[in-house]
Every structure is written in C-alpha cells, then in structure tokens.
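**Student:** Chain order of the listed sequences is S and D.
Under this note's numbering, the letters of the first sequence match residues 27 to 133, in that order.
Under this note's numbering, the letters of the second sequence match residues -6 to 470, in that order.
Shown below is the structure under consideration.
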Amino acid sequence: MAPDGILLAGAVALLMAGAVTAWTSANVTKRIAALALAQIGALAGLSALGAPSAASVAGIVAAFAQLTLGVALIVRLQETYNSVEAPELDAADALSESQSQNKLGDA
Amino acid sequence: MFGLFLDWARPHAALIVFAAPLAGAALAVLAPMARLAWLIAAVCAIAAAVVALDFAARGLSGGGGDGAGLFATALVACCAAAALVGAGALLTDWGPRAGRYALALALCVGAGWSGALLAPDLVGVFLAAETAWLASVALVALSGERDRGALNGALGMLGAGGVASALFVLGIGLIGRGVGTLQLAALPAVQIAMPGLAATGVGLVLAALALKAGVAPLHVWVGAAYGRAGGFASLVLGAVGAVGALAALVRVAAFAIPAPAIGAGVAMSLAGLGAASVVVGSLQAIGASNLRRLAAYAGAAQAGAVLISAALGSMAGFAAALVQLFAMAAVAIVLLGGGAALGGVQALHLLNGLGRRAPFTAAAISLGGLSLMGAPLTIGFLGRWRLIEAGVGAGWWWAAGAAIAASLAGVFYCGRLIERLYVRRAAAAFTGGDNPWRLALAPALLAGVGAIGLGLAPDGLLRAAAAAAAQLWDGAP
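Given below as structure tokens:
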C-alpha cells in the first residue's frame, strides 16, 4: 500500500474511533475530546488526499470553534448539574420534565 | 425609497443576503436595550429577505443559474425574517442580555444557511453550514438560562454536529481527489477520474447535511434539543436550521445526481434514506407527547419525502422537492411559532380545549396540521401530489406509496392534535399565553394562511419551483 493510502487508512480509523467514542462515552469531557480526535482524523485524511489548503484551514477553524463551544458547555453543565456524566444529566432531565408537566397539569 | 434600496442592493445581492444578518447580529449585541436589539435584528432580517426574494426572482427568470440555491435562499431568508419578527414577543424567554445574544445567534443561523445555499464550492458550503450549526447549538444552550435541560440538548447537538463536520471534511477531501475540483457547478459536466472515491465523498457530505437537517434515523439530537429548547430557539431550529440544512442537501444532490459516473449511486442512497425518514419520522410523530417534538418528527417525515423527490433525479422530481421544502417551512413556522406563542405549555394533553381558550393559536396550529396531513387545497397536498406525479412518471411507484403513507400518518397524528384542540374538554386551568394579538403569533398565523392560500392559488410557487429545477439541467451533460 502506498504511504498516502496508509495515512488515509489511519486517518479514517482515527475519525471512526473519535466518532464512536463521542457518541458512546458517558463522560461529557471525554466526548468533547473524542470529537477533537475525530476532527484530527478528518484533517489528516484531507492531507492524505492532497486537498487544497483552503479546505484544511476551514476544517481547522471549524474544529477549533467546536472545541471552544464544547468546553463552554462542559463548564455550564458542571455549574448547573454539578456533574458531567451523561446518564446523570439524562436522569435529572427526565425527573424535571415529569415534575414540570405534573405542575402544569395541577395548575 | 424601496426602489432605490433595491437598485443599490442588486449588484451585491448575494453578499447582502449573507452579510446583512451578520452585521445585524453585531449591532444587536451592541444595542443598549433588548427592544432596540430586536428592532435592528428584525430590520436586517427583513432587508436580507427582500434582497433574497428580488435576487431569486431575477435569477429564476433568466437561465443558467443555480436554481435550487436561489429558490432555497429566498425561502430561508424569509423564514429567518418571520422568526425574528415574532421574536419581539418572546424576548422574555431570556434576560435582557441573553435576549440580545439570542437574536444575534438567530441571525447567524439564517446567514449561515443562506451562505451555504449561495456558496459556489464545497469549502464555502462547509464553512457556512458550520457557522449556522454552531450558532444553533449556542442558541439552544442559551435556553439553559431558563431550563437547564436545554444545555443537555445543546450537548447532543454538538456531539452529532461534530461527527457530521468530520465526515463533511473527509468527504470534501474524497471529492477533491476523485473529481479534481470542489466547484459544485462543475460536478455534472466534469469527467470523474475516480468515481468510487467521488461517490463516497458525496455520500459523506450528504450524510453530514442530513444529520444537521434532522433526517431520520440520523436525528439523534432532535428529541432533546426541540423538547427542552425555548420557544424562539425551537422555532429557529425548525424553520430556519432544518429547512436550510435540507435545502443545502438538495442543492448538493442536484449537482451530484446529473453526474453520469456517480449519479445513480447517489440517487439510490438518497431514496433509501428518504424512505427510512418517512417511516421513522411518522412513527415517532405518532408517539410524540409534546408539540415541539411532534413538529420535529413530522419534519423528519416531510424531509424524507423531499429526499425521495430529489432522488428521482428528474426536473419534475426537483420541482416537487422544492415545493415540499416550502410546505415544510410553512408547517414548521406554524407549529413551532404557535407553540412558542403558548409559552411553557407544550405537552399535548395540556392542549385539550385550546380552541375555546386561545382561538387564534388553535386556528394557526390547525391550519399547519391540515397542510401536514396533505389535506386538499393546502400547500402540503400540492407538494405530495407533485411527488406522486413525479414518482409515477419515473416508474417509482413506491415513491407514490411513501407520499401516501406520510399523509396517512399525518392524518393520524394531526387529526388527534386537532381533535384535542376542538373536541376534548380541558381538565385543568390553562397557564399558557392566550393573547390573540401577541406578536409571536403573527408569523404562525401568516404561515398558516399562506399554507392554505398557496394551496388555492399555487401558480407563482409552481412556476418558481419549475424554473429553479429547469436551471439545474442547463449545466448537465
């Protein structure tokens, strides 16, 4: 396999590993880190495919913006839920949703 | 005055449609009062919509342009203007400072998707789509000021959108290597050296846009985001974000499907995804217990019908896709705008007897529901009928079946909703907004009346959709 092919295969593997982790990890911080990993894989794939530099710059800008927003969300989640574990966030949301519907129904 | 504005704007129309909302966003954040910020945001959004409509009218009357892009840009700009006009009554969803940011982010969502629909190459589409998507995520997160569940919804959006973004970037690389250019207009005519790579790249780009449009079964983020976001955020998400992403998807498909080397594969993938979205979206809408989630899942079913229409790959198919896109936007404004006017009351069982308590809101929701069912003399019927015609014309009988199935499911879940509004009696006191003259209700009522009016007199819309579809074939080999 040509060096470009090996690099592309590695990039796709990195992207897939990041994507799967971003979707399955219970910890929000790990999810955001996995997203960054997926973006690095995508950018490495761009390099392996010889894409124009404009595409790489656009990818880097988007990845940086996502990471920034992700970190801001982690901070807000920790402040409001006192947790960054996804199952705990989901359980708290399910509880508050049922409570608010009951409250509106009672009113 | 109006003529002078248009004369000044015409030479730079594409730039103004994209830049006016962004400039408005900056000014809205700097405005000292929330009301002034809203006025600035509404004026900029309306200016962008007027220029986009004029740009589309001039572009569609000529030939050789980007018909799908022109048509959809005007649609997205008008949806953004409607949402921002209604936002004046929804500023209480946030504090004074957060309200300004919400208006600015909504303008960025509209500008982003307009940019994605006007960008000549895939890098431009990617950057504009990311701008819109990240603004949507931030807008939903901002709803966390009142309901912390919105933060969790925003997290789901960020995760799904981040994966979509990575796939989009890889898709750009594959298309660049396989086709040799990233210019969209070149796709139908260029000799594709590596069709396998190019088709995979187009597939990844379309999958990324489908995920952002909330097409089932890729819509993992939809339930939490729509269910917990505030009224204004969910209105922008459904009427601007989902419609813009779906329009960008149709536009990319419109350039890829006529390409001989990859067109058949792309069309089959789109058709499969569309059929799955109709089935999954309809089933989820039937099971929905919340008005916003019902609107989101019904939107996924409608998006599926749009994808099937585009997958037909014919002029009639693309015209049907554009008409359905219009119908989808109208229904999103009606259901989500009507829902926003109701305040915190979103659970379906709390809408019992709403027809007597809030007649204007109930009427708007009912008109949207009728269009969603595909009832005759509505814009929804027109869209479905065009899909059936195009499907039968291409020998895709199953596509006609999918349109009928979507309508039957719509009869079930919208019929149940309308029955709640007018037949059932309320078991509890109503705590939502019931002022018929609330500004928040204006876009929903207008869109509801438009959904019926354009169903009765559809000539202009059909001509515009047909002209847009015909332009796509000017660049085809």
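Glycine included, each C-beta is placed from N, C-alpha and C at the ideal position.
For clarity, every value in this text was computed on a predicted model and none was experimentally measured.
Taking beta-carbon pairs under 7 angstroms, can you tell me which members of the region 125 to 148 of chain D lie near chain S?
**Tutor:** The region 125 to 148 of chain D vs chain S, Cβ under 7 angstroms: LEU127, VAL130, ALA131, ALA134, GLY137, ARG141, GLY142, LEU144, ASN145, ALA147, LEU148.
**Student:** Which word fits D/TRP509, buried or exposed, when buried means at least 16 other C-beta atoms lie within 10 angstroms of its C-beta?
**Tutor:** Past the boundaries of the shown model lies residue 509 of chain D; chain D is included only from -6 to 470, so the question cannot be answered.
**Student:** Below 6 angstroms CB to CB, which residues in the same chain sit around S/ALA89 once its five sequence neighbours on both sides are set aside?
**Tutor:** Start at 1 with the first residue of the first sequence, and residue 89 of chain S comes out as number 63. Same-chain partners within the cutoff: GLN65.
**Student:** Can you tell which of D/ALA313, D/LEU276, D/ALA13, D/ILE397 has its C-alpha closest to the C-alpha of D/ARG456?
**Tutor:** Along the second sequence, read from residue 1 onward, the residue named residue 456 of chain D stands at position 463. The shortest Cα separation from D/ARG456 among D/ALA313, D/LEU276, D/ALA13, D/ILE397 belongs to D/ALA313.
**Student:** Using a C-beta cutoff of 8 angstroms, does D/LEU483 count as contacting chain S?
**Tutor:** Only positions -6 to 470 of chain D appear in this structure, which leaves residue 483 of chain D out of reach.
**Student:** Look up D/GLY59 in the DSSP assignment and say whether it is helix, strand or coil.
**Tutor:** Against the second sequence, residue 59 of chain D aligns to sequence position 66. In the sequence on display, residue 59 of chain D carries Asp and not Gly. Residue state, collapsed to three classes: coil.
**Student:** State yes or no: is the beta carbon of S/GLU114 nearer than 8 angstroms to at least one beta carbon in chain D?
**Tutor:** Indexing the first sequence from 1 puts residue 114 of chain S at position 88. Taking Cβ atoms only, chain D never reaches closer than 8 angstroms to S/GLU114, which makes this a no.
**Student:** Buried or exposed: S/ALA52, going by 16 or more other Cβ atoms within 10 Å of its Cβ?
**Tutor:** Indexing the first sequence from 1 puts residue 52 of chain S at position 26. Around the beta-carbon of S/ALA52, fewer than 16 other beta-carbon atoms lie within 10 Å, marking it exposed.
**Student:** What's the call for D/PHE119, buried or exposed, on a 16-neighbour Cβ count within 10 Å?
**Tutor:** Taking the first residue of the second sequence as position 1, residue 119 of chain D is located at position 126. Buried, because 16 or more other Cβ atoms sit within 10 Å of the Cβ of D/PHE119.
**Student:** Can you tell me whether D/ASN283 is helix, strand or coil according to DSSP?
**Tutor:** Taking the first residue of the second sequence as position 1, residue 283 of chain D is located at position 290. In this structure, D/ASN283 counts as strand in the three-state DSSP scheme.
**Student:** What's the gap between the Cα of D/ARG93 and the Cα of D/GLY58?
**Tutor:** The sequence position of residue 93 of chain D within the second sequence is 100, counting from 1. The sequence position of residue 58 of chain D within the second sequence is 65, counting from 1. Taking the straight line from one Cα to the other gives about 37 angstroms.
**Student:** I need the DSSP call for S/ASN108, collapsed to helix, strand or coil.
**Tutor:** By 1-based counting over the first sequence, the position of residue 108 of chain S is 82. S/ASN108: coil per DSSP, three-state reduction.
**Student:** Given a cut-off of 8 angstroms, decide if D/ASN345 and D/ALA278 are closer than it, judged by their beta-carbon atoms.
**Tutor:** In the second sequence, residue 278 of chain D corresponds to position 285, counting from 1. In the second sequence, residue 345 of chain D corresponds to position 352, counting from 1. No, Cβ-Cβ distance for D/ALA278 and D/ASN345 is not below 8 angstroms.
**Student:** Between which two residues does the alpha helix (DSSP H) carrying D/GLU382 extend?
**Tutor:** As a position in the second sequence, residue 382 of chain D is number 389, starting the count at 1. Run containing D/GLU382: 372 to 386, per the alpha helix (DSSP H) assignment.
**Student:** S/ASN53 lies in the alpha helix (DSSP H); which residues open and close that run?
**Tutor:** Walking along the first sequence from the start, residue 53 of chain S turns up at place 27. Counting along the chain, S/ASN53 falls outside any alpha helix (DSSP H), and DSSP gives it neither H nor E.
**Student:** Just to confirm my understanding: we take S/ALA133, look at its own chain, exclude 5 residues before and 5 after, and list those with CB closer than 6 angstroms. What are they?
**Tutor:** Against the first sequence, residue 133 of chain S aligns to sequence position 107. Interpretation of S/ALA133 is limited by its pLDDT of 46, a score under 50 that renders its predicted location unreliable; the figure taken from the coordinates is listed afterwards. Closer than 6 angstroms at Cβ, skipping near neighbours: no residue.
**Student:** To the nearest angstrom, how far is it from the Cα of D/ALA474 to the Cα of D/PRO14?
**Tutor:** For residue 474 of chain D there is no data in the structure shown, the boundaries of chain D being -6 and 470.
**Student:** Which class does S/ALA28 belong to by DSSP, given the choice of helix, strand or coil?
**Tutor:** By one-based count along the first sequence, residue 28 of chain S stands at place 2. DSSP places S/ALA28 in coil when its eight states are reduced to three.
**Student:** State the CB to CB distance for the pair D/ALA121 and D/GLY137, rounded to an integer number of angstroms; the pair is presumed to be in contact (CB under 8 angstroms).
**Tutor:** On the second sequence, position 128 is the one that residue 121 of chain D refers to. On the second sequence, position 144 is the one that residue 137 of chain D refers to. Contact flag wrong, Cβ pair sits at about 26 angstroms.
**Student:** Give every residue of the same chain whose Cβ lies closer than 7 angstroms to the Cβ of D/CYS37, excluding the five residues on either side of it in the sequence, and list them in chain order.
**Tutor:** Translated into the one-based positions of the second sequence, residue 37 of chain D becomes position 44. By the criterion of a C-beta distance shorter than 7 angstroms, D/CYS37 is surrounded in its chain by ALA13, PRO14, ALA16, GLY17, LEU100, once the five residues flanking it on both sides are discounted.
**Student:** Thinking just about the alpha-carbon of each residue, which of D/VAL215, D/GLY441, D/ARG285 is nearest to the one in D/GLY336?
**Tutor:** Locating residue 336 of chain D in the second sequence gives position 343, where the first residue counts as 1. Of the listed residues, the one whose Cα sits closest to D/GLY336 is D/ARG285.
**Student:** Which residues does DSSP list as the beta-bridge partners of D/GLN176?
**Tutor:** In the second sequence, counting from the first residue as 1, residue 176 of chain D sits at position 183. BP columns for D/GLN176 point to D/ASP114.
**Student:** Against S/GLN125, what residues of chain D qualify as contacts under a CB-to-CB distance less than 8 angstroms, listed in chain order?
**Tutor:** Within the first sequence, numbered from 1, the residue matching residue 125 of chain S stands at position 99. Within 8 angstroms Cβ-Cβ: nothing; S/GLN125 doesn't reach chain D, min ~11 angstroms.
**Student:** Between the C-alpha atoms of D/ALA226 and D/ALA95, what's the straight-line distance to the nearest angstrom?
**Tutor:** Working through the second sequence from its first residue, we reach residue 226 of chain D at position 233. Working through the second sequence from its first residue, we reach residue 95 of chain D at position 102. Those two C-alpha atoms are separated by around 8 angstroms.
**Student:** Using a Cβ-Cβ cut-off of less than 8 angstroms, list which residues of the region 236 to 258 of chain D approach chain S; keep chain order.
**Tutor:** none
**Student:** Can you determine whether any heavy atom of the ligand ZN sits closer than 7 angstroms to the C-beta of D/LEU68, and answer yes or no?
**Tutor:** Looking at this structure, you won't find the ligand ZN or any other ligand, since it has none at all.
**Student:** Using the DSSP secondary-structure output, state which residues sit across from D/ALA340 in a beta bridge.
**Tutor:** On the second sequence, residue 340 of chain D is found 347 positions in, with the first residue counted as 1. D/ASN283.
**Student:** Taking only beta-carbon atoms, is D/VAL116 less than 8 angstroms away from chain S?
**Tutor:** Counting from one through the second sequence, the residue named residue 116 of chain D turns up at place 123. Yes, contact with chain S.
**Student:** Taking Cβ to Cβ, would you say D/ALA289 is nearer than 8 angstroms to D/VAL215?
**Tutor:** Sequence index remark: in the second sequence, residue 289 of chain D carries index 296 (1-based). Sequence index remark: in the second sequence, residue 215 of chain D carries index 222 (1-based). Yes, these two residues count as a Cβ contact at 8 angstroms.
**Student:** Helix or strand or just coil, what does DSSP make of D/LEU15?
**Tutor:** The residue labelled residue 15 of chain D in the question sits at position 22 within the second sequence. Looking at D/LEU15 - three-state DSSP - the assignment turns out to be helix.
**Student:** Specify, as a first and last residue, the run of the alpha helix (DSSP H) that D/PRO352 falls within.
**Tutor:** To locate residue 352 of chain D, count along the second sequence from 1; it is residue 359. Here the alpha helix (DSSP H) through D/PRO352 covers 352 to 366.
**Student:** Taking contact to mean at least 3 C-beta pairs separated by less than 8 angstroms, is the region 112 to 125 of chain S in contact with the region 64 to 77 of chain D?
**Tutor:** no
**Student:** Suppose contacts are defined by Cβ-Cβ distances below 8 angstroms. Is D/LEU481 in contact with D/THR354 by that definition?
**Tutor:** Chain D is shown only over -6 to 470; residue 481 of chain D falls outside these bounds and no answer can be derived.
**Student:** Going by the CB atoms, is the gap between D/GLY220 and S/TRP49 shorter than 8 angstroms?
**Tutor:** Working through the first sequence from its first residue, we reach residue 49 of chain S at position 23. Working through the second sequence from its first residue, we reach residue 220 of chain D at position 227. No.
**Student:** Does the beta carbon of S/GLY36 sit closer than 8 angstroms to a beta carbon anywhere in chain D?
**Tutor:** Indexing the first sequence from 1 puts residue 36 of chain S at position 10. Not closer than 8 angstroms to any Cβ of chain D, the Cβ of S/GLY36 fails to qualify, so no.
**Student:** Counting only Cβ pairs nearer than 8 angstroms, list the residues of chain D close to S/VAL54.
**Tutor:** Sequence index remark: in the first sequence, residue 54 of chain S carries index 28 (1-based). Neighbours of S/VAL54 on chain D, chain order: LEU148.
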